[in-house]
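In our numbering, the protein residues as written are 78 to 518.
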Ligand SMILES: [Zn+2]
């Protein structure tokens, strides 16, 4: 910066306080940094609808960004940060950025001013170090008109969740003291769950049965498989002779005794079913069942099922007492879908008069469905299958103190619910330094 430029710059800084700050982007401030940072490089890229500037930093820095009008400028303040002399001169002017000036404020803070040819909506976020890249501060200067041009990620598929309402038709399941049939409450909850899941971006529900009809367990599995389900949730209601028994429980398939037998199982593929489920009354001469069981042992489907189960159980705690604290394991036939992580949920005891009332109550059914959806979401936010929207391109955003889900969504021009879905985020207490996945486009 020349002496003349510096003088002009200091003058422009002096005049800033009296000017209106653009209403669109609020101030961002990053997690607190103790030591000062240093700008190591500035890179510029032009994209459709916006210009991106990446500041490579050697540490985390607090920053804020805002727009000023007449003439159009964007001001970036980075606290306790230094920048080598002349670095901004490396950035070439273009049709949007006419010039960049920098200066020191309060003896220790860096201020960068972008002189622009037109009004933009600026946004900024920090990227945590990853791979060969260190801390990065990303500034996007988006054309005001360009904001609306959002590319639809139509090519990314949804994760498919098969919802299996237990029993049906001639099989009523368990019946409560007031005459409530399990098959009816499971179908009602299934339909509410279907609605909640379909309201989540990137997820699609498939109802295994849509009405009061009898279905064989194997047909339920076939249907889930035909729909390429990524997960299957079988809904039931528990029953016990003692009416005091209460609470929710979740089951995944059992592989008791399988681990020690893995080697033998590999050698004796034909006998896999016997080894895995010797204690379960199962038609092991069925070729499909054999293949299914063998698949299960190889793919970690059961581990995924346990993972899903504990996420759902964790959410159900807020809705209902939990009968067993951990995901239980058993040999329920409906859990034996090939390569589809599956859980069986005993939502409550229909044999308990209070829980029977709950099972019939629409408000309680809604709460149960919402809790399951949150659990499913939390699981897929970590383990989204490749090729799905939930696994699609994201950038990592480091939460700054003072951020809320709403402000972050606004910054990145993404829907608040999309942001929650992508991150399995249901609480509002974000922690500074927490890294969120921001859907790209
Ligand atoms: Zn049942």
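Here a beta-carbon is modelled for each residue, glycine too, at the ideal position from N, C-alpha and C. Note that the structure is predicted; figures quoted are calculated from it, not measured.
Buried versus exposed, by CB contacts within 10 Å (16 or more), residue i
i, result
"residue 514", "buried"
"residue 303", "exposed"
"residue 287", "exposed"
"residue 183", "exposed"
"residue 291", "exposed"
"residue 419", "buried"
"residue 296", "exposed"
"residue 516", "buried"
"residue 172", "exposed"
"residue 154", "buried"
"residue 377", "exposed"
Proximity below 9 Å, CB of residue i to CB of residue j
i, j, result
"residue 137", "residue 475", "yes"
"residue 57", "residue 201", "Outside the displayed range of the chain (78 to 518) lies residue 57, so it cannot be described from this structure."
"residue 453", "residue 385", "yes"
"residue 313", "residue 421", "yes"
"residue 300", "residue 285", "yes"
"residue 135", "residue 208", "no"
"residue 255", "residue 433", "yes"
"residue 114", "residue 473", "no"
"residue 193", "residue 151", "yes"
"residue 213", "residue 126", "no"
"residue 507", "residue 480", "yes"
"residue 446", "residue 272", "yes"
"residue 459", "residue 400", "no"
"residue 396", "residue 382", "no"
"residue 504", "residue 496", "no"
Beta-carbon proximity list for residue i, same chain, < 8 Å, skipping 5 on both sides
i, result
"residue 179", "78, 86, 160, 164, 165, 187, 188, 189, 190"
"residue 238", "274, 280, 281, 282, 283, 306, 307, 308, 309, 310, 453"
"residue 321", "429"
"residue 391", "452, 455"
"residue 262", "314, 424, 427, 436, 437, 442"
"residue 260", "242, 243, 244, 245, 246, 248, 249, 250, 289"
"residue 133", "116, 117, 118, 119, 120, 210, 211, 212, 213"
Bounding residues of the beta strand (DSSP E) (the contiguous stretch that carries residue i)
i, result
"residue 180", "174 to 182"
"residue 392", "First-last for residue 392: 378 to 393, but that is the alpha helix (DSSP H), not the beta strand (DSSP E)."
"residue 298", "No beta strand (DSSP E) holds residue 298; the alpha helix (DSSP H) holding it covers 294 to 303."
"residue 329", "326 to 330"
"residue 514", "512 to 516"
"residue 142", "140 to 145"
"residue 252", "Segment: none, residue 252 is in no beta strand (DSSP E) and carries neither H nor E."
"residue 216", "212 to 220"
"residue 425", "419 to 426"
Local conformation of residue i per DSSP, three classes
i, result
"residue 124", "strand"
"residue 407", "strand"
"residue 288", "coil"
"residue 503", "coil"
"residue 319", "coil"
"residue 188", "strand"
"residue 117", "strand"
"residue 244", "coil"
"residue 135", "coil"
"residue 155", "strand"
"residue 357", "The predicted position of residue 357 is uncertain, since its pLDDT is 38 and thus under 50; a value taken from the coordinates is nonetheless stated next. If DSSP states are grouped into helix, strand and coil, residue 357 belongs with coil."
"residue 469", "coil"
"residue 233", "coil"
"residue 453", "helix"
"residue 497", "helix"
"residue 160", "coil"
"residue 508", "coil"
"residue 458", "helix"
"residue 281", "strand"
"residue 201", "strand"
"residue 194", "coil"
"residue 448", "helix"
Other residues of its chain near residue i: CB distance less than 6 Å, five sequence neighbours each side excluded
i, result
"residue 468", "461"
"residue 393", "325, 448"
"residue 457", "236, 467"
"residue 168", "119, 121, 177"
Residue interval of the alpha helix (DSSP H) (run including residue i)
i, result
"residue 266", "259 to 275"
"residue 433", "430 to 437"
"residue 488", "482 to 489"
"residue 315", "Here residue 315 belongs to no alpha helix (DSSP H); instead the beta strand (DSSP E) covers 308 to 315."
Own chain partners of residue i with C-beta closer than 7 Å, once the 5 adjacent residues on each side are dropped
i, result
"residue 279", "235, 236, 465, 466, 467, 498"
"residue 455", "388, 501"
"residue 316", "251, 426, 427, 428"
"residue 122", "129"
Cβ-heavy atom distance, residue i to ligand 3, below 8 Å
i, result
"residue 263", "Ligand 3 is not among the ligands present in this structure, which contains only ligand 1."
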